Structure formats: structure tokens, C-alpha cells
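Protein chains in written order, with the numbering used here: chain A, 180 to 451; chain B, 98 to 407.
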Amino acid sequence: MKILGLIIISTLLILSLCGPYLIPHSPLEINLNRRFEGPNKIYPFGTDHLGRCVLSRLIEGARRSLSSALLTQTIALFIGISIGLLSGYRGGGVDFLLMRLVDLTLAFPSLILSLALIGLIGPGLQNAMIAFALVHWAIYARFVRGLVLEIKGKQFIEAARSLGVGPFRMITHHYLPNIFSPLLILTSLDTGRVIFTLSGLSFLGLGAQPPIPDWGAMLNEGRLYLSTSPHLMLFPGLAIFIAVMGFYLLGEGMVEYKKDFSFLGTRSKNKD
Amino acid sequence: MISYLSKRFLFLIPLWIGISIIGFIFIQLSPGDPAEILLQKEGIEPTPEAIETMRSKLGLNDPPYIQYIRWLWKLIHMDIGVSYKTGEPVINELLNRLPATLELTLVSFGFIVILSLMIGLLSALNKHGIFDRVGVLMAIMGASIPSFWLGLILIYLFSIKLRWFPIMGRGSVYHLVLPALTLSFGTLIVQARLLRTSLQEVLRKDFIMTALAKGVSRKRILIRHALPNAVLPLMTNLGLILGRLLGGAVIVETIFAWPGIGRLAVESILQRDYPVIQGYLLLTALIFVFINLCVDVGYRLIDPRIELDR
């Protein structure tokens, strides 16, 4: 199972890196003479309502889905880690205020708050990414704060403090390395959800706009021809499904791996 | 109990204020000058002087905190403005559409409770049997299948090919089956899996052994002794699940043309009808916080071991 997750994610990575060299046709090339073709030799996954190659669009979509999900995660992680570290490290009033902000953000179902933000800044892939990152950081902030509070009481932190380590070095050399691996697992488990949400927003017409070859947007376009050309709905959905499952399995695998190698987590302790 | 409830309500007040501030900031940041929009609606040419007069009439030149208090006063009286598109009060539009969403969410929730209990019990009963093994696979799939894809597949199979259910819209019980199934499927499978794990943990406890030794039948042990204890830890998820259902309803309502508030929200975003979006945001937050409160209170009522005044 864990291996399967790794295989799926590496395949996706390879597809998105080498995509431009692998695709049989241009993902934007319109061929009105060959609309709605089912899977055949020239077009392995068929063509859509404008005669564009579905396979090429899917491969191009892999690159977009992965990069937009990772970018969204990067923004969310950056905000989340900064606020979580600040909150846990400083404590007191700063901690109280920041955590109330987190509570407030989590008081809304995440998709609904993202929708409202998109409503404010307008539909589009970039805006959808910004909106979701601005909602999603709260989960990371709370998680990081929890980890920081847990580490704070440990002896090696006290030792470092008594040696006179400054706050900046304290965070970069003592806190960050210790929160890295649990955070990595959470990020991996969550990246599937980000792909899922972003493609869902594109499906609603609020994310990536046509003619961009985005999986969610393709599914939205294919929806109109559901009864006559079900392959237009089948393949993009399958792609989202597999990608989400890949990240999920990878995360689960990491949880188990972490269990087997939990002694590695003590590295920092021995060093100090 | 009463002191606990009042304490909980007091704790919620800062959250309510926070939510209302977000709603207020939302409408402040939304593009377009309300004075100008109102003038255009009344057919008056929006000259700078006319806009300025309108602005002072609407109180838009007052300091933000006064505007906020005035806005909050209106909010308490259920006045959250009128829709840019229809001119109807937003609250009416939302309340017209709310029953459809509640119906869909509650039926999905019922599906989750009943089906996850059944599946969880069955897979705990034949541990490591075929049903149990399929369950593991299904749980992973259930956690990663996008609802918007599942919905389309269900429509294709059961509405277009087999013609068992209507394709979209709201009306009879038949209209409800596919949307509710789409909305509940992922959560349902995951919950069944969690229940199975929890059941197996409880089944290892001493009191189960005691019951076995007393000669209680296996079925009775499972349902009367193990199940109530196994369900408890899952109860804390209920609030989260209902929140996820409310969010997921946006997508499901769009697929099945279900006339609920989620679809209204998507339409309003595409038409830039800001007061409706704001109303939707406030209403869902209100429901979500209220649900979580109910779950908390219910949890403490069911499990007396948890202290009420924590």
C-alpha cells in the first residue's frame, strides 16, 4: 500500500516534469472535425467538445494540479509555521490573540470560507489558491504550536537556553528540525485534500477557467456531455481520484515509517 | 447542567463577535460603492455631489466602529441588506433556500449514521474476513474519491443508463437518494472504518470477557455491551462531519441542481452579488457553531463520566 502511494506520486512527478515531451498532441489544439471521439488509436483517451486530445490535457493538467497544490501548500505552510512558532514560542498575550484568530478561521467550514474569499477577490485559479491558503494555514498554525509547546518542556531546549542561544538560532536550530517530520507527514496527508479542493473549486467554475487544461475544469466542461460522451467525465475524475489517493497513501506510509524509525527522532536530543 | 450551558454560551460570545467582524470586513472590502449602486438602482445619475449626499445619508462617512455597531444592530434584527440582483432582502432568499440544504444535509447525515453502523458492525464481526479486507480498500477509496466525480458517475449509471432515479432537481424522495449518497459516501466509509477499529479495541476489554463468561450471547455482547462504548469516541467527530457536509453541499447542490443555499452562494459569487455571499457566510457559520455546541452538550449528556463544568 505504501509503495503504491510512492509509485503514484513519482509517476505524477515524472508526468508533470516530462509532460511536454510525452503528450501526443498539443493540449490546446482544436480540431472541430474530430469532436467527441471515444478512445481510439490516435487519441487514447478520446477527444472533447472542441476535438482536443483528452490524454494530452490530462498530462498537462497533472503539472498544473501538482504545482498549484504545492504552491498553495507553501503559502499555507509559511503562514502557518510562522504564526504557530511565534504563538508557541512567545506564549502569553501574543499566543492568546493568535490562537483566537485560528479559532475564528476554523469556526467556518473551510470550503465555505474559501468560497467567500473567492467571492471577494473574484474567480480564477490564482485567486482560488490564495483564498484556500488563507483559510488552510490555521490547521498548520495550531499543529505547529502544539509541537512547539511539547518541545518547549524538553531538556535539550533548557540546555540550549542556559548556554545562551538566541531566539533566532533557537528556532532555526532547535525547534524547526524537531517539528519537521511530523509536519511533513501532515503536509503529505493534506496535499491530497488541497488538490481535491482546488479541483472542486475549478469544477464549480470558481478556480481555473477554460481553456486551461485543469482536471476540475475539464470535469466541469465534460459534465454537459454526460449522456453522450461519458469518457469526458470519467478520465479527469479518475486522475483527481488517483492523485488524491497517492498523497493519502504516501502520508499513511510515512506514519508507519515514522513508527518503525522513531528512534531517529532522538537525534537532536543527543546532540545537545 | 444549566450553569454549564450558560458558561458555554458565554464562551461563544467572543466567537460570535469575531464572526460578525469578519462578515463586516467582508462587505467593507467588497468592490463597488454602495451609495453609487443605490443611486443607480433609483435611476438617479451618480454625480459626485449625489454620491456624497447619499454617502452621508447612509452613514458611510462615519468612523468604522460606528458603522460596525449600526451594521450589527441591523444584523441582530435579521437585516443583512438586499440582493444586488433581485432586490429581495438577503435573509428571505437564504431562508427560502435553507430547507433544501437542511433536508439534503440531514438525510446524508442519517445515511452516515445508519450505514456506517451497519458496515462497522459487519466488518468487526467477521474480522479479517473478505468483508473486512474489502473495507480497508474501500476506506482508502472513500477518503480520496472526489464527490463531484462520484456524483457524475452515479447520475450516469443510475439516471441515464438504468433510469432508476431522476437526474436532477428536488421533489420526491427519489430525487434525494443520489445527492445524499454522493454527499455522504466518503465520510460514511471512513466512519465505518473508525467504528470497526474502536469496536475491536472495546472487545478486548475485561468487561466483555466477564459478559462472555456469564454466558451472554455474542450478538448481545456486541450490540448491548460493546457498541455503546465504541460509538462514544466517534461522537466528537459529529460536529466536524456536519460542517463537512455543509461545505460539501455546495458541490453536490451544483451537480444535482439542488435549490439550496450552497448553489445560491456559487451563483452569487459568479454574479458578484456580495450581500448574498456575506449572508451565506454568516448563516453557515451560525449553523456550524450551533451544531458544535449541540454535539458538545449531547456528548456530555450521553457520557456521564465527562465532567460538565470543565
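No residue lacks a Cβ here, since even glycine has one placed at the ideal position from N, Cα and C.
Since the structure is predicted, the reported quantities are computational estimates derived from the model, not experimental observations.
Handout entry: Inter-residue spacing [alpha-carbon to alpha-carbon] between Ile-264 (chain B) and Ser-256 (chain B)
Key = Mapped onto the second sequence, residue 264 (chain B) falls at position 167. Mapped onto the second sequence, residue 256 (chain B) falls at position 159. Distance between the alpha carbons of Ile-264 (chain B) and Ser-256 (chain B) is about 5 angstroms.
Practice task
Tell me, please, whether the CB atom of Val-347 (chain B) is closer than 9 angstroms to any CB atom in chain A?
Solution key: Translated into the one-based positions of the second sequence, residue 347 (chain B) becomes position 250. Answer yes: the Cβ-Cβ gap between Val-347 (chain B) and chain A drops below 9 angstroms somewhere.
Problem - Span separating the alpha-carbon of Leu-107 (chain B) from that of Ile-116 (chain B) - result: Counted from its first residue, the second sequence places residue 107 (chain B) at position 10. Counted from its first residue, the second sequence places residue 116 (chain B) at position 19. Between Leu-107 (chain B) and Ile-116 (chain B), the C-alpha separation is close to 15 angstroms.
Handout entry: Met-235 (chain B) - containing alpha helix (DSSP H), residue span
Key = Position 138 of the second sequence, counted from the first residue, corresponds to residue 235 (chain B). Its alpha helix (DSSP H) spans residues 227-241.
Problem - Residues of the segment 415-428 of chain A whose Cβ lies closer than 9 angstroms to any Cβ of chain B, in chain order - result: Pro-415, Gly-416, Leu-417, Ile-419, Phe-420, Ile-421, Ala-422, Val-423, Met-424, Gly-425, Phe-426, Tyr-427, Leu-428
Problem - Cα-Cα separation, Asp-400 (chain B) to Gly-263 (chain A) - result: Here residue 400 (chain B) is taken as the residue at index 303 of the second sequence, counted from 1. Here residue 263 (chain A) is taken as the residue at index 84 of the first sequence, counted from 1. Distance between the alpha carbons of Asp-400 (chain B) and Gly-263 (chain A): 33 angstroms.
Handout entry: Near-chain A residues of the segment 219-230 of chain B (beta-carbon distance less than 9 angstroms), N- to C-terminal order
Key = none
Practice task
Can you tell me which of the three DSSP states Thr-91 (chain B) falls into?
Solution key: Absent from the model: residue 91 (chain B). The displayed extent of chain B is 98 to 407, so no value can be given.
Problem - Contacting positions in the segment 202-215 of chain B - beta carbon closer than 9 angstroms to chain A - result: Cβ contacts with chain A come from no residue of the segment 202-215 of chain B.
Practice task
Note down the Cα distance separating Glu-239 (chain A) from Ile-309 (chain A), rounded to an integer number of angstroms.
Solution key: Locating residue 239 (chain A) in the first sequence gives position 60, counting from the first residue. Locating residue 309 (chain A) in the first sequence gives position 130, counting from the first residue. Rounded to whole angstroms, Glu-239 (chain A) to Ile-309 (chain A) spans 22 angstroms at the Cα level.
Exercise for the section: Grab me the residues of Gln-297 (chain B)'s own chain with a C-beta within less than 8 angstroms of its C-beta, minus the 5 sequence neighbours each way, in chain order. Expected result: What you label residue 297 (chain B) is simply residue 200 of the second sequence in a count that begins at 1. These residues qualify, in order along the chain: Ala-221, Lys-224.
Exercise for the section: For Leu-367 (chain B), go through chain A and note every residue whose CB falls closer than 8 angstroms to its CB, in chain order. Expected result: The count along the second sequence starts at 1 and reaches residue 367 (chain B) at position 270. Pro-302, Gly-384, Leu-385, listed in chain order.
Problem - is_contact[Ser-241 (chain B), chain A] using C-beta, thresh 9 angstroms - result: For the purposes of this step, residue 241 (chain B) is identified with residue 144 of the second sequence, where counting begins at 1. Output row for Ser-241 (chain B): interface = yes.
Practice task
Decide yes or no for the touch test of the segment 338-347 of chain B against the segment 383-395 of chain B: beta carbon pairs closer than 8 angstroms, at least 3 of them.
Solution key: Because the criterion of three Cβ pairs below 8 angstroms is met, the segment 338-347 of chain B and the segment 383-395 of chain B touch.
Exercise for the section: Using a Cβ-Cβ cut-off of less than 8 angstroms, list which residues of the segment 276-297 of chain A approach chain B; keep chain order. Expected result: Arg-279, Asp-282, Leu-283, Ala-286, Phe-287, Pro-288, Ser-289, Leu-290, Ile-291, Leu-292, Leu-294, Ala-295, Ile-297
Exercise for the section: Under 9 angstroms between beta-carbons, which chain A residues line up against Leu-383 (chain B)? List them in chain order, please. Expected result: If you number the second sequence from 1, residue 383 (chain B) lands on position 286. The premise fails here: Leu-383 (chain B) is roughly 10 angstroms from chain A at the closest Cβ pair, so nothing lies under 9 angstroms.
Exercise for the section: Figure out for me which residue from A:Gly-303, A:Arg-231, A:Leu-398, A:Gly-425 has the closest Cα to the Cα of Gly-371 (chain A). Expected result: Mapped onto the first sequence, residue 371 (chain A) falls at position 192. Minimum Cα distance to Gly-371 (chain A) is reached at A:Gly-425.
Practice task
Please state whether DSSP places Thr-366 (chain A) in a helix, a strand or coil.
Solution key: Along the first sequence, one-based indexing puts residue 366 (chain A) at 187. Looking at Thr-366 (chain A) - three-state DSSP - the assignment turns out to be helix.
Handout entry: Contacting residues, own chain, Cβ-Cβ under 7 angstroms from Leu-378 (chain B) (five flanking each side not counted)
Key = The residue given as residue 378 (chain B) occupies position 281 in the second sequence. Correct list, in chain order: Gly-120, Phe-123.
Practice task
Would you mind giving the Cβ-Cβ distance between Leu-416 (chain A) and Trp-246 (chain B), rounded to the nearest angstrom? I have them listed as a contact below 8 angstroms.
Solution key: In the first sequence, counting from the first residue as 1, residue 416 (chain A) sits at position 237. In the second sequence, counting from the first residue as 1, residue 246 (chain B) sits at position 149. Position check: residue 416 (chain A) holds Gly in this sequence, whereas Leu was assumed. Right, the Cβ-Cβ distance comes to about 3 angstroms (below 8 angstroms), so this counts as a contact.
Handout entry: chain A contact residues for Gly-340 (chain B), given Cβ-Cβ distances below 9 angstroms
Key = Translated into positions along the second sequence, residue 340 (chain B) becomes position 243. Simply Phe-287, Pro-288, Ser-289, Ile-291.
Exercise for the section: Give a yes or no on whether the C-beta atoms belonging to Gly-376 (chain B) and Ile-148 (chain B) are separated by under 9 angstroms. Expected result: Walking along the second sequence from the start, residue 376 (chain B) turns up at place 279. Walking along the second sequence from the start, residue 148 (chain B) turns up at place 51. No, Cβ-Cβ distance for Gly-376 (chain B) and Ile-148 (chain B) is not below 9 angstroms.
Handout entry: Buried or exposed (CB count within 10 angstroms, at least 16 for buried), Pro-199 (chain A)
Key = Indexing the first sequence from 1 puts residue 199 (chain A) at position 20. By the neighbour-count rule (16 or more Cβ atoms within 10 Å), Pro-199 (chain A) is not buried but exposed.
Problem - Under 7 angstroms by beta carbon: chain B residues contacting Pro-409 (chain A) - result: As a working mapping, residue 409 (chain A) is identified with position 230 in the first sequence. Residues of chain B passing the Cβ test: Tyr-253.
Practice task
Kindly say whether Val-392 (chain B), judged by its beta-carbon, lies nearer than 9 angstroms to any beta-carbon of chain A.
Solution key: As a working note, residue 392 (chain B) is residue 295 in the second sequence. No, because no Cβ of chain A sits closer than 9 angstroms to the Cβ of Val-392 (chain B).
Handout entry: Euclidean distance between Cα positions of Gly-207 (chain B) and Ala-327 (chain B)
Key = The residue you call residue 207 (chain B) lines up with position 110 of the second sequence. The residue you call residue 327 (chain B) lines up with position 230 of the second sequence. Roughly 19 angstroms separates the two Cα atoms.
Practice task
Give, in chain order, every unbroken run of the beta strand (DSSP E) that is at least 3 residues long and sits entirely within the segment 377-431 of chain A.
Solution key: none
Practice task
Could you check what DSSP says for Arg-446 (chain A) in three-state terms: helix, strand or coil?
Solution key: The residue given as residue 446 (chain A) occupies position 267 in the first sequence. With a pLDDT of only 40 at Arg-446 (chain A), under the threshold of 50, the placement of this residue in the model should not be trusted, and no figure is reported.
Problem - Minimum Cβ-Cβ distance from Gly-345 (chain A) to chain B less than 9 angstroms - result: Working through the first sequence from its first residue, we reach residue 345 (chain A) at position 166. No, Gly-345 (chain A) does not count as interfacial toward chain B.
Exercise for the section: Give the straight-line distance between the Cα atoms of Ile-193 (chain A) and Arg-269 (chain A), rounded to the nearest whole angstrom. Expected result: For the purposes of this step, residue 193 (chain A) is identified with residue 14 of the first sequence, where counting begins at 1. For the purposes of this step, residue 269 (chain A) is identified with residue 90 of the first sequence, where counting begins at 1. One C-alpha to the other measures close to 42 angstroms.
Problem - Nearest-angstrom Cβ-Cβ length linking Phe-420 (chain A) and Ser-281 (chain B), presumed shorter than 8 angstroms - result: Indexing the first sequence from 1 puts residue 420 (chain A) at position 241. Indexing the second sequence from 1 puts residue 281 (chain B) at position 184. Wrong, their Cβ atoms sit about 18 angstroms apart, outside the cutoff.
Handout entry: Range of the contiguous alpha helix (DSSP H) that encloses Asp-303 (chain B)
Key = Taking the second sequence and counting its residues from 1, the one referred to as residue 303 (chain B) is at position 206. That run of the alpha helix (DSSP H) goes 303-311.
Problem - Neighbouring residues, chain B, relative to Gly-371 (chain A) (Cβ below 9 angstroms) - result: Taking the first sequence and counting its residues from 1, one reaches residue 371 (chain A) at position 192. Going along chain B in sequence order, the residues near Gly-371 (chain A) (Cβ under 9 angstroms) are Ala-240, Ser-241.
Handout entry: Residues of its chain near Ala-346 (chain B), where Cβ-Cβ distance is below 7 angstroms and the 5 sequence neighbours each way are ignored
Key = Along the second sequence, one-based indexing puts residue 346 (chain B) at 249. Once the five neighbours on either side are set aside, the close Cβ partners of Ala-346 (chain B) are Thr-198, Leu-201, Thr-202, Leu-280, Gly-357, Gly-359.
Handout entry: Leu-245 (chain A) versus Gly-386 (chain A): straight-line alpha-carbon distance, rounded
Key = On the first sequence, residue 245 (chain A) is found 66 positions in, with the first residue counted as 1. On the first sequence, residue 386 (chain A) is found 207 positions in, with the first residue counted as 1. Spanning the two alpha carbons is a distance of roughly 15 angstroms.
Exercise for the section: Count the other CB atoms, across all protein chains shown, that sit within 10 Å of the CB of Tyr-271 (chain B); report buried if there are 16 or more and exposed otherwise. Expected result: Mapped onto the second sequence, residue 271 (chain B) falls at position 174. Looking at its Cβ environment, which holds fewer than 16 other Cβ atoms inside 10 Å, Tyr-271 (chain B) is exposed.
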